[in-house]
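Numbering (the working numbering), first residue to last: 33 to 897.
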């Protein structure tokens, strides 16, 4: 496929647009770029055989299956265009502003497990036949789509349309108008023409247009003349970075990915190559594949970079790197180069970093599978950091563009900004194992504050039997008679102390005010680092300049961390959020602010199951360890703008005014009241006596969650046998909820009858592990198949609701394929649910649809009774 037309239309010395590139993983990628040129439009691009097949979509894509969008096929674009965001200068083809509106992987609708090569072949056949059937896995566009040639509108006219599935929406998806890379709107990008998108052009062009691996830096002769004539140095100790706590934006700084690997210095001498660790240990044997690649690069140079193992998506995989290092297991290794202290007889350490990188970009082998240039952006540290964290990367590096290379020194000209939930720690001891745990139970962790080693917690997570055995053997040569801290920490089992020399990496949920890690998990040893190197490292403030954004814990957070009380307008209503620092989950360090921010982040997904439903408020003003109380009647007890619904109970004849959730403002108002969990009716105020769904609640006694799963699958079999659609979610506690859509067409009595018939069949199939008896004493040791929840004003913890349980678990919708042995309710919590939603979408979509045909289902049930 040719890029000739693309190149003919552009003068690359005048536009920052990419010229080439190729996909390096086994996924097919798509991108949608919003382009404000002579007219505003969207460019829909699909990776096929190394290029991006492209269509201009004037009105943008739609998630409504009834809407067809005209898509005009245009020239192929280079693969690297999928990451292009910025400003095409006036006078150039397509002049205007571009943002990456959406991106992700895609596949054929009927891929059937075909690999990338086979899918590409089939896609090209579909393209030539005039009908593409696709599954998009973007951040905005999800599910099945079709791209079909439009008859009678010319050769280039196609129609882009959504295929009806669970992701289909009636709402206009283009109202989500921010870039998925920078988080900025097209208007915000347009206001900053001097920003990174132009400055990043230089490295992209020089790298992709390099003719030969050993091509001299002809374009940088003047830069090389600045270098001092010197012989190739030996024993270089790499320049080190200080640490800062948050990202910042500064024009004269460069921002790179912080690669999760081993730092390595390369010495290249026209076909000879040596590779050393930061501590002068030879990597020649351990990473012979990289040494061999460097030997093919016929230059004289000293390189500084990071050895990384990358997964099939192109992301760093530190565990795979460790497995390669220790056990020789296969891994795709890459040597990412980010500096050039010496080249071709010239000492470059006193040149500015941006000039050293310019030379490096010119001489590095083009499109090499192992030796790669670590690119950077300029000025936009905050957006770059957020993008890196959203992709699951370790963090970013910030480097002053004018910084010199200072060997062996840790300076504030280079700063590392790590994911706030990962850190390096020192292993200071271990505790005895409990029950059948062999070798040890947990490692005891420390971290230097200045020169003082402080206890930061312990972890028993992240180990398998093999790793326990290996580490235990390593510990035996490091035994110490005393602990290394000022004050001996308390441990839950007897401790054995070690010399504090081993460095490891851990991930964790939070850090308490006392500096203790919550829920730390061992990620691996950092055998390339020494504990002594960690002494004296201090966290420095970001350099002055454009005001740094405060780091938010998750995308969507809107309550600032600095304030204990905040007033914010939501949906036109002024909400006052109070006591934001109060610990709602003390063991996890989760505050009321964190809880409210969670609900703000997932509002679009939880609201469909709350809207127009009266609520039974379960309030925890002091968090999960304090008292709680239910509040049903809110008459004269809530803000005057809060809607209420009067309802007279059949049981006691009393009329109560229930709070009705209408929108985001109501949701966050309830959260501020201390409603950790949200409990709506099964019906809406428009039809209070006709539920939207039938609920089967699996309520275990002392049963394991695997037994709950077994029961859920038996009920799923029954529902499949009678042709009833169903949805499933964890309760967020110990049970599961199975939901059958009714479409608000039947009474609660009919819903209850349906549930009772189904659970009685399930009980007959599982008589030893389930029960339908209401009295707890009569069902000990068995799972209660509760059908009695199908009554007026009954509630359940809504999908995506937090639960007042340890770990801040969430009632999580599931795909039925996920319901299998090994699943745990604790797998879903406040930390990972927003990301799961972003990846999976709403797994309950369809629950509020037209529902089953009760008569048909009951007729089929008769045959099972």
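Yeah, the Cβ is synthetic: ideal placement off N, Cα and C, and Gly gets one too.
Item	Value
Rounding to the nearest angstrom, what Cα-Cα distance links residue 622 and residue 430 in this structure?	30 Å
Are residue 108 and residue 88 close, meaning C-beta to C-beta below 7 Å?	no
Would residue 624 be called buried (16 or more neighbouring beta carbons within 10 Å of its own) or exposed?	buried
What is the residue span of the alpha helix (DSSP H) that residue 689 lies within?	No alpha helix (DSSP H) holds residue 689; the beta strand (DSSP E) holding it covers 687–693.
What does residue 841 pair with, by DSSP beta-bridge criteria?	861
Considering only residues of the region 478–523, which uninterrupted beta strand (DSSP E) runs meet the minimum length of 3 residues and lie entirely inside it, listed in chain order?	484–491
Checking the sheet assignment: what are the DSSP bridge partners for residue 295?	338
In three-state DSSP terms, what is residue 193?	strand
Is there contact here, the region 282–301 with the region 405–414, by at least three beta-carbon pairs under 8 Å?	yes
Quick one: is residue 535 buried, meaning 16 or more other Cβ sit within 10 Å of its Cβ, or exposed?	buried
Helix, strand or coil, according to DSSP, for residue 743 in the structure here?	helix
Across which residues does DSSP place residue 450 in a beta bridge pair?	427
Using only the alpha-carbon positions, how far apart do residue 538 and residue 453 sit?	8 Å
Might you give, ordered along the chain, the residues of its own chain that have their beta carbon closer than 6 Å to the beta carbon of residue 735, omitting 5 neighbours on each side?	815
Quick one: what's got a C-beta closer than 8 Å to residue 260's C-beta in the same chain, skipping five residues either side?	378, 379, 382
Alpha carbon to alpha carbon, how far is residue 843 from residue 860? Give it in angstroms, no decimals.	8 Å
Can you name the start and end residues of the alpha helix (DSSP H) that residue 637 belongs to?	635–638
Kindly indicate which residue of 273, 557, 147 has the alpha-carbon position closest to the one of residue 445.	273
Per DSSP, what kind of secondary structure is residue 702 in: helix, strand or coil?	helix
On the DSSP bridge list, what partners appear for residue 803?	816
If you measure from the beta carbon of residue 633 to each beta carbon in chain C, is any gap under 7 Å?	The structure shown contains no chain C, having only a single protein chain.
Ordered along the chain, which non-local residues of its own chain (more than five positions away) have a Cβ less than 8 Å from that of residue 620?	541, 542, 550, 551, 838, 839, 840
What does the alpha-carbon distance come out to for the pair residue 309 and residue 558?	12 Å
Would you mind working out which of 492, 280, 300 sits nearest residue 448, comparing C-alpha positions?	280
Would you list, in sequence order, the uninterrupted alpha helix (DSSP H) runs of no fewer than 4 residues that lie entirely inside the region 326–395?	350–359, 385–395
Distance, Cα to Cα, residue 884 vs residue 877?	15 Å
Please name the residue or residues paired with residue 403 in a DSSP beta bridge.	367
My output table needs one value for residue 264: the three-state DSSP class, helix, strand or coil.	coil
Buried or exposed for residue 833, please, with buried defined as at least 16 other CB atoms from any protein chain shown within 10 angstroms of its CB.	buried
Return the CA-CA distance between residue 529 and residue 480, expressed in angstroms with no decimal places.	17 Å
When you compare the CB positions of residue 344 and residue 57, do they come within less than 7 Å of one another, or not?	yes
Report back the beta-carbon spacing between residue 270 and residue 336 to the nearest angstrom; my notes put them in contact at under 8 Å.	6 Å
To the nearest angstrom, how far is the alpha carbon of residue 233 from that of residue 390?	Low local confidence applies: a pLDDT of 36 at residue 233 is under 50, so the model's placement there is unreliable, and no value is given.
Once DSSP output is grouped into helix, strand and coil, what is the label at residue 235?	For residue 235, the pLDDT reaches just 34, beneath the cut-off of 50, and the residue's location in the model is therefore unreliable, although a value from the coordinates is still provided. Reduced to three states, the DSSP call for residue 235 is helix.
Would residue 16 and residue 780 qualify as a contact pair, given that the criterion is a beta-carbon distance under 7 Å?	As displayed, the chain neither begins before 33 nor continues past 897, which places residue 16 out of reach and without an answer.
Check whether the Cβ atoms of residue 642 and residue 707 sit closer than 7 Å, and answer yes or no.	no
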